[in-house]
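With the working numbering as the guide, the letters of the sequence shown map in order to residues -18 to 319. Single-structure report; data block below.
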Amino acid sequence: MRVLVTGGAGYIGSHTLLELMAQGHEVCVLDNYSNATPEVLTRVRSLSNGVMHDYVGDVRDADKLDEVMQDFQPEAVIHFAGLKAVGESTQKPLHYYDVNVSGTLTLLHAMGRAGCKRIVFSSSATVYGEPVYLPYDEAHPTNPTSVYGRSKLIAEQILTDWTAAYPESTAVLLRYFNPVGAHASAQIGEDPKDIPNNLMPFIAQVAVGKRDALQVFGDDYDTPDGTGMRDYIHVVDLARAHVAAITYAQDATGARPFNIGTGQSYSVRDMVAAFERACGKPIATKQAPRREGDIAAMQADSTRANEELKWEAAHDLDAMTASTWAWQSKNPNGYDGS
Ligand code: WQD
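Printed below as a string of structure tokens:
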């Protein structure tokens, strides 16, 4: 299929481009490089013989979207473009709603004008909020606790209403758990612009000597070692879930959410120990208070994705840490080093 990938130069988008092209899909990227660099696409091209077009532009720019739709005539869209920093979303709520909600609306209007009826949406497990039960399945109540989480849930609701009004349309809502890891080539990976907010890139920067010590946020949670537990998923598995979603969307109608996780969870201390095995050196840690808004533990029930998308996570924890270390050690300054 011809697949338009908004935000295709980002961490998850770039890995998805490679998996799409490996399966023979033709791709077109639209990215405004607000949190990415064009170097990503140079590297993606060097790793693939597939067909990739690219445009610089913002998903809130209707004229740009019309131009891309007219040139490329996509049969499906994967919509990654958005903002994702939970803390920042509280400081800049209107900006988050503008990019994540208005961006999705503008994209849907442009798809309507171009006759494109399939979309795969980059959602998040954060739409569930405080767990009522675990593992979360897709029927778990949604009650996000941040502006970021609400912007994702509102976009999901808009997509659901859109498919209800246009019966031939389909929206696949992928609720990601905690993506980590990097491509096997060590040429593409996660490259946070500032101090990493997330655990794995922070550990990787400690290992490579860019940060002194990891702050462990909280050691008194109701978990076996007292630290927070998450369902970490290898970014290549996550990328493959998008390819599976594109195949599913070919014959589906309506909107459907899918959890994309492994069903396993690991603590902060498990992650540090696994990273130490991968890099062969100790990771310095400092105990710190709980981070506001954090929950003790979360974990996916991904049975629906296993059964309906015919997708399953294949990479284990050691593959996640080894690939992160390979990427970080070969690119200590991320894409800036090239
Ligand atoms: C994981 C664990 C921390 C950093 C967030 C967003 C979510 C999603 C992914 C999407 C927790 C602990 C972390 C550190 C630590 N976003 N930790 N020291 O909070 O599960 O999810 O990112 O786009 O919406 O909420 O992921 O990687 O930040 O934290 O101890 O320096 O690591 O307390 O237990 P989180 P995370």
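Think of the CB as a built atom: it goes at the ideal place given N, C-alpha and C, for glycine as much as any other residue. Just so it is clear, the structure is predicted and the values come from calculations on it, not from any experiment.
Asked: Where the beta strand (DSSP E) containing residue 35 begins and where it ends; Found: 33 to 37
Asked: Burial state of residue 137, where buried means 16 or more other Cβ atoms lie within 10 Å; Found: buried
Asked: Reduced DSSP secondary structure (H/G/I, E/B, other) of residue 278; Found: strand
Asked: Neighbourhood of residue 201 by C-beta distance below 6 Å, restricted to the same chain and skipping five residues each side; Found: 207
Asked: Rounded straight-line distance, which links the Cα of residue 153 to that of residue 245; Found: 23 Å
Asked: Contact between the stretch 260 to 275 and the stretch 185 to 192 (3+ Cβ pairs under 8 Å); Found: yes
Asked: Beta-carbon spacing of residue 248, residue 284 below 7 Å; Found: no
Asked: Identity of the residue in 118, 90, 69, 162 nearest residue 341 by Cα; Found: Nothing can be reported for residue 341: it is not among the residues displayed for the chain, which extend from -18 to 319.
Asked: Among 279, 94, 151, nearest to residue 43 - alpha-carbon criterion; Found: 94
Asked: Cβ distance (whole Å) where residue 275 is taken to contact residue 116 below 8 Å; Found: Residue 275 to residue 116, Cβ: 18 Å. No contact.
Asked: Cβ pair count under 8 Å reaching 3, the stretch 309 to 318 against the stretch 165 to 172; Found: yes
Asked: Through-space distance from residue 194 to residue 126, alpha-carbon basis; Found: 28 Å
Asked: Cβ-based neighbour list, residue 302, same chain, cut-off 6 Å, excluding 5 preceding and 5 following; Found: 255, 256, 259
Asked: Nearest residue (CA-CA) to residue -13, options 37, 6, 0; Found: 37
Asked: Beta-carbon proximity check, residue 1 vs residue -16, cutoff 7 Å; Found: yes
Asked: Proximity winner among 294, 253, 31, 192, relative to residue 210 (alpha-carbon distances); Found: 253
Asked: Residue 105 versus -11, 229, 81, 294, residue with shortest Cα-Cα distance; Found: 81
Asked: Counterpart residues of residue 12 in DSSP-defined beta bridges; Found: 37
Asked: Coarse secondary structure for residue 113, derived from DSSP in three states; Found: coil
Asked: Contiguous alpha helix (DSSP H) assignments of at least 4 residues, all confined to the stretch 30 to 91; Found: 43 to 53, 67 to 72, 74 to 78
Asked: Rounded C-alpha distance that separates residue 78 from residue 65; Found: 11 Å
Asked: Contact check, residue 57 vs residue 230, beta carbons under 7 Å; Found: yes
Asked: Reduced DSSP category for residue 7 - H, G, I as helix; E, B as strand; rest coil; Found: strand
Asked: Within 7 Å, strictly: CB atoms of residue 144 and residue 235; Found: yes
Asked: Cα-Cα separation between residue 218 and residue 277, rounded to whole angstroms; Found: 25 Å
Asked: Proximity test, Cβ basis, 7 Å: residue 120 and chain D; Found: Judged by its chain identifiers, the structure shown contains no chain D, having just a single protein chain.
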